[in-house]
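To keep things clear, I will list the structure first and then write my remarks on it.
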Amino acid sequence: MRVLVVEDEIYLAEAIQSGLRLEAIAADLAPDGEAALERLGVHDYDVVVLDRDLPGVHGDEVCRIMVERGLGCRVLMLTAAAGLTDKLDGFRLGADDYLTKPFDLPELVVRLRALARRPARGTPPVVEHAGIRLDPFRREVHRAGRHVALSRKQFAVLEILMTARGGVVSAEELLERAWDENADPFTNAIRITISALRSRLGGPSVIVTVPGVGYRMDEGTPRP
């Protein structure tokens with residue numbers, strides 16, 4: 043595993059680096075956000091240990107740029123702030139884990155190994171497609187700047203379709219992922235939910251029915 047430690051407190055950074063090397067984890071150091079982005083443009087890392095309160099380019103901005111670039115590495119944020127709001131903000135930016143200072147090195151090692159075992163990130167924390175913006179943390183949907191009020195099931199179905207990135211999602215998969223195990227496999231709930239979702243989103247329609255297969259997201263461009 044190769045890790046990038048982004049920490050401006052040099053003694054802490056070097057202590058982390060030495061400790062990780064003892065655990066057979068390769069660790070590079072970056073003293074600030076600008077240096078971190080330079081290294082991320084050159085090397086492939088499995089996990090980035092990112093101090094949130096960095097000088098210059100803030101840790102939040104580094105995380106946002108990483109997500110925007112579609113980098114596959116995971117992000118473990120470090121911060122002295124232990125409040126729930128701070129943690130939620132970090133996750134909304136795209137962080138995969140959060141560790142509050144001070145911390146014990148064995149815990150950091152365990153978290154890094156757990157993150158490295160996860161598959162590469164599939165989607166950014168906020169999904170955008172066809173002029174629709176879906177924020178799963180705030181459970182909000184906007185289309186062309188307009189807030190779209192959705193029920194829980196409508197939101198769940200839309201999230202599944204949007205994260206498929208234009209791929210076809212079968213009715214069976216929607217039922218399995220958006221409903222619980224007690225759902226009737228012969229129910230027409232999918233068709234009803236899709237119909238209501240189209241109505242809520244407004245025109246032009248962006249949810250396409252693929253006969254005999256399922257549904258997918260279109261670009262929402264008018265057809266002749």
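Numbering (the numbering used here), first residue to last: 43 to 266. Glycine included, C-beta positions come from ideal geometry on N, C-alpha and C.
{"Asked": "Cβ distance (whole Å) where VAL89 is taken to contact LEU154 below 8 Å", "Found": "5 Å"}
{"Asked": "Beta-carbon gap between SER212 and VAL250 smaller than 8 Å", "Found": "no"}
{"Asked": "Three-way DSSP call (helix, strand, coil) for ARG181 in this model", "Found": "coil"}
{"Asked": "Straight-line Cα distance separating HIS171 from GLU261", "Found": "7 Å"}
{"Asked": "Through-space distance from ASP177 to LEU17, alpha-carbon basis", "Found": "As shown, the chain starts at 43 and ends at 266. That puts residue 17 outside it, with no answer to give."}
{"Asked": "Beta-carbon spacing of ASP102, ARG111 below 8 Å", "Found": "no"}
{"Asked": "Rounded C-alpha distance that separates VAL248 from MET43", "Found": "41 Å"}
{"Asked": "Contact belief for VAL45 with ALA68 at Cβ below 8 Å, rounded distance in angstroms", "Found": "7 Å"}
{"Asked": "Unbroken alpha helix (DSSP H) run spanning ASP102, endpoints", "Found": "101-111"}
{"Asked": "Buried or exposed (CB count within 10 angstroms, at least 16 for buried), GLY136", "Found": "buried"}
{"Asked": "8 Å Cβ cutoff met for PHE197 and VAL183", "Found": "yes"}
{"Asked": "Through-space distance from THR229 to GLU215, alpha-carbon basis", "Found": "13 Å"}
{"Asked": "Whether ILE58 touches GLU49 by CB criterion (8 Å)", "Found": "yes"}
{"Asked": "Beta-ladder partner(s) of LEU71, from DSSP", "Found": "VAL47"}
{"Asked": "Secondary structure of GLY256, DSSP reduced to three states", "Found": "strand"}
{"Asked": "CA-to-CA distance, LEU200 to VAL169, given in whole angstroms", "Found": "10 Å"}
{"Asked": "Cα-Cα separation, ALA55 to ARG207", "Found": "39 Å"}
{"Asked": "Nearest-angstrom beta carbon gap, LEU92 and VAL117 [assumed within contact, 8 Å]", "Found": "6 Å"}
{"Asked": "Delimiting residues of the alpha helix (DSSP H) encompassing VAL151", "Found": "147-159"}
{"Asked": "C-alpha distance - LEU96 paired with ASP74, whole-angstrom precision", "Found": "6 Å"}
{"Asked": "For VAL84, three-class secondary structure by DSSP", "Found": "coil"}
{"Asked": "Which of helix, strand or coil DSSP assigns to GLU261", "Found": "coil"}
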